[in-house]
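Enquirer:
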Amino acid sequence: MAHSPGACRAWWISRFPMTPSARSCGITPPAHSTLPHECVGDNAMTKKVVLIPGEDAAPEAFEPTVELMNRLQLDIDWVRPPVGEAGIAAMGNPFPPEAKEAIDASDATFFGSTNGTSGRAMRYLRWGLQTYANVRPARWFPGCNSPLKNPEGIDLVIVRENMEDTYVGVEGDLEELEPINFVSRLHRKPVSEMGKGKYAMKVITEACTQQVTRFACELALKRAALNGSRPLVTSGTKHNISPVADGYFREVALETAKEYPDVTFETLLADDLV
Numbered sequence: 013m014a015h016s017p018g019a020c021r022a023w024w025i026s027r028f029p030m031t032p033s034a035r036s037c038g039i040t041p042p043a044h045s046t047l048p049h050e051c052v053g054d055n056a057m058t059k060k061v062v063l064i065p066g067e068d069a070a071p072e073a074f075e076p077t078v079e080l081m082n083r084l085q086l087d088i089d090w091v092r093p094p095v096g097e098a099g100i101a102a103m104g105n106p107f108p109p110e111a112k113e114a115i116d117a118s119d120a121t122f123f124g125s126t127n128g129t130s131g132r133a134m135r136y137l138r139w140g141l142q143t144y145a146n147v148r149p150a151r152w153f154p155g156c157n158s159p160l161k162n163p164e165g166i167d168l169v170i171v172r173e174n175m176e177d178t179y180v181g182v183e184g185d186l187e188e189l190e191p192i193n194f195v196s197r198l199h200r201k202p203v204s205e206m207g208k209g210k211y212a213m214k215v216i217t218e219a220c221t222q223q224v225t226r227f228a229c230e231l232a233l234k235r236a237a238l239n240g241s242r243p244l245v246t247s248g249t250k251h252n253i254s255p256v257a258d259g260y261f262r263e264v265a266l267e268t269a270k271e272y273p274d275v276t277f278e279t280l281l282a283d284d285l286v
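For the sequence shown, the residue numbers in the working numbering are 13 to 286.
Shown next, in the form of structure tokens:
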């Protein structure tokens, strides 16, 4: 889902608690979620932020970002628990209990990306803490290059459901499906007869679809209140090729959006969002 337009200037990688300012935005964030800057508490208390750089190229982008925030002289207490390779070296554990405790006690967690070494921390941040909304603002700033001829209107937020679909983690060999006799609607033959290969299950539930739809609508209302724009949410699905699963997401999202009469809610094929 995406909602636009609005003013979105900065964001954190992971969680923020339900602060008074977030509550005043009309937003009920998940326990750990990526939220635009306007929904972060604005009191003068020091914020505790856990730093997990990740692996491979991630630290190259991660560390300069931390340095930039340090230069802004923000009231932040940085915490670096041993995670990934550091956790293995120090404690023989890529995600020791001390790291989990630090995350739970923090106001936010800044996570880079992982090649799998710090994957346990990433899985805890997403599934352990039920981070159901992946929130990614996109805005063009004057002076920045753009492949678009007129980038001035780029000011939106992408809200992606973060818990299910193919993220449920149910996979296996195609031969495992033989007793179930799943037949491909498009190939017109049992999946188990398609040859050697693997499968991954895609799951769409009513509850997860409702909560991410509400999150997107409430965030759209909040952004519109900041700049007087029209709250618009666009849902993107592959309901043409996946009429049952993605069609269900679309159906539930449309019904849930009726709870927000001030939000213009539309649906598009995912291909048309590009």
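Just so you know, even glycine gets a beta-carbon here, dropped at the ideal spot from N, CA and C. Just so it is clear, the structure is predicted and the values come from calculations on it, not from any experiment.
Starting from E155, trace the beta strand (DSSP E) both ways and give me its first and last residue.
Expert: By one-based count along the sequence shown, residue 155 stands at place 143. Here residue 155 turns out to be Gly, not Glu, going by the sequence shown. Element bounds for G155: n/a, residue is neither H nor E.
Enquirer: Can you give me the Cβ contacts of E218 inside the same chain, cut-off strictly under 7 Å, excluding the 5 residues immediately before and after it?
Expert: For the purposes of this step, residue 218 is taken as residue 206 along the sequence shown, with counting starting at 1. V264.
Enquirer: Let me make sure I understand the geometry here. Which of L238, D283, G165 and L168 has the alpha-carbon closest to that of K250?
Expert: To locate residue 250, count along the sequence shown from 1; it is residue 238. Residue D283 is the option with its Cα nearest to K250.
Enquirer: Does P5 come out as helix, strand or coil in the three-state DSSP assignment?
Expert: Summary: the structure shown does not reach residue 5, with the chain confined to residues 13 through 286, and so no result is reported for it.
Enquirer: Could you check what DSSP says for E113 in three-state terms: helix, strand or coil?
Expert: What you label residue 113 is simply residue 101 of the sequence shown in a count that begins at 1. Reduced to three states, the DSSP call for E113 is helix.
Enquirer: S125 bridges to which residues according to DSSP?
Expert: As a first step, residue 125 must be located in the sequence shown, where it is residue number 113. In DSSP, S125 forms a bridge with G66.
Enquirer: Just verifying my parser: in three-state terms, what is the DSSP assignment at D3?
Expert: Outside the shown range of the chain, which is 13 to 286, sits residue 3, and nothing can be said about it.
Enquirer: Please list, in chain order, all residues of the same chain as T178 whose beta carbon is under 6 Å from its beta carbon, the five residues on each side excluded.
Expert: As a first step, residue 178 must be located in the sequence shown, where it is residue number 166. For T178, where only same-chain residues beyond five positions count, the Cβ hits under 6 Å are A212 and K214.
Enquirer: Pick from L137, A145 and I166: whose alpha carbon is nearest that of R151?
Expert: As a first step, residue 151 is located in the sequence shown; it is residue number 139 there, counting from the start. Out of L137, A145 and I166, I166 has the C-alpha closest to the C-alpha of R151.
Enquirer: Roughly how many whole angstroms lie between the Cα atoms of A117 and I64?
Expert: Start at 1 with the first residue of the sequence shown, and residue 117 comes out as number 105. Start at 1 with the first residue of the sequence shown, and residue 64 comes out as number 52. A117 and I64: Cα-Cα distance of roughly 15 Å.
Enquirer: Quick one: what does DSSP say G104 is sitting in, helix, strand or coil?
Expert: Translated into the one-based positions of the sequence shown, residue 104 becomes position 92. Correct three-state label for G104: coil.
Enquirer: Would you say V224 faces chain C, with C-beta separation under 8 Å as the test?
Expert: Protein chain content of the structure displayed is limited to a single chain, and chain C is not contained in it.
Enquirer: Using DSSP with H/G/I as helix, E/B as strand and the rest coil, what is Y179?
Expert: Indexing the sequence shown from 1 puts residue 179 at position 167. DSSP places Y179 in helix when its eight states are reduced to three.
Enquirer: Report yes if the CB atom of G248 is closer than 8 Å to the CB atom of L280, and no otherwise.
Expert: By one-based count along the sequence shown, residue 248 stands at place 236. By one-based count along the sequence shown, residue 280 stands at place 268. Their beta carbons are under 8 Å apart, which means G248 touches L280 by this criterion.
Enquirer: Would you kindly work out how many angstroms separate the C-alpha atoms of T129 and P149, rounded to a whole number?
Expert: Position 117 of the sequence shown holds residue 129. Position 137 of the sequence shown holds residue 149. Spanning the two alpha carbons is a distance of roughly 28 Å.
Enquirer: Quick test of your reading: A232 and V224, contact by CB under 8 Å. State the CB separation rounded to the nearest angstrom.
Expert: Start at 1 with the first residue of the sequence shown, and residue 232 comes out as number 220. Start at 1 with the first residue of the sequence shown, and residue 224 comes out as number 212. Contact doesn't hold; Cβ gap of about 13 Å is too wide.
Enquirer: Where does T143 land, buried or exposed, given buried means 16+ other C-beta within 10 angstroms?
Expert: By one-based count along the sequence shown, residue 143 stands at place 131. Label assigned to T143: buried.
Enquirer: Out of curiosity, what's the CA-to-CA distance linking E205 and E267?
Expert: In the sequence shown, residue 205 corresponds to position 193, counting from 1. In the sequence shown, residue 267 corresponds to position 255, counting from 1. E205 and E267: Cα-Cα distance of roughly 38 Å.
Enquirer: Per the contact definition of three or more C-beta pairs closer than 8 Å, is the segment 154 to 168 in contact with the segment 97 to 107?
Expert: Not touching, per the Cβ criterion.
Enquirer: Select from A120, K112 and T121 the residue whose C-alpha is nearest the C-alpha of R132.
Expert: To locate residue 132, count along the sequence shown from 1; it is residue 120. It is K112 whose Cα lies nearest to the Cα of R132.
Enquirer: What does DSSP give as the partner residue(s) for G184 in the beta ladder?
Expert: Taking the sequence shown and counting its residues from 1, one reaches residue 184 at position 172. The partner list for G184 (beta bridge, DSSP) reads Y211.
Enquirer: Assuming D258 is part of the beta strand (DSSP E), what are its boundary residues?
Expert: Counted from its first residue, the sequence shown places residue 258 at position 246. Element bounds for D258: not the beta strand (DSSP E) but the alpha helix (DSSP H), A257 to A269.
Enquirer: By how many angstroms is the C-alpha of T126 removed from the C-alpha of R135?
Expert: Translated into positions along the sequence shown, residue 135 becomes position 123. Translated into positions along the sequence shown, residue 126 becomes position 114. Each residue's alpha carbon lies about 11 Å from the other.
Enquirer: Between D87 and T77, what straight-line distance do the alpha-carbon atoms span, to the nearest angstrom?
Expert: Mapped onto the sequence shown, residue 87 falls at position 75. Mapped onto the sequence shown, residue 77 falls at position 65. Each residue's Cα considered, the two are about 16 Å apart.
Enquirer: Would you say A145 and V169 are within 8 Å of each other, going by their C-beta atoms?
Expert: Taking the first residue of the sequence shown as 1, we reach residue 145 at position 133. Taking the first residue of the sequence shown as 1, we reach residue 169 at position 157. No; because the gap between Cβ atoms is not below 8 Å, this pair is not in contact.
Enquirer: Quick check: the Cα distance between F107 and V147, rounded to an integer number of angstroms?
Expert: Residue mapping note: residue 107 aligns to position 95 of the sequence shown, counting from 1. Residue mapping note: residue 147 aligns to position 135 of the sequence shown, counting from 1. Each residue's Cα considered, the two are about 25 Å apart.
Enquirer: Relative to the C-alpha of T58, which residue among D119, E67, D185 and G181 is closest?
Expert: The sequence position of residue 58 within the sequence shown is 46, counting from 1. The option with the nearest alpha carbon to T58 is D119.
Enquirer: Tell me the DSSP secondary structure of D89 in three-state form.
Expert: One-based indexing of the sequence shown puts residue 89 at position 77. Reduced to three states, the DSSP call for D89 is strand.
Enquirer: Below 8 Å on the Cβ atoms is my contact criterion, and I expect F153 with I216 to pass it. Report the Cβ-Cβ distance as a whole number of Å.
Expert: On the sequence shown, position 141 is the one that residue 153 refers to. On the sequence shown, position 204 is the one that residue 216 refers to. The pair is not a contact, with the Cβ atoms about 36 Å apart (cut-off 8 Å).
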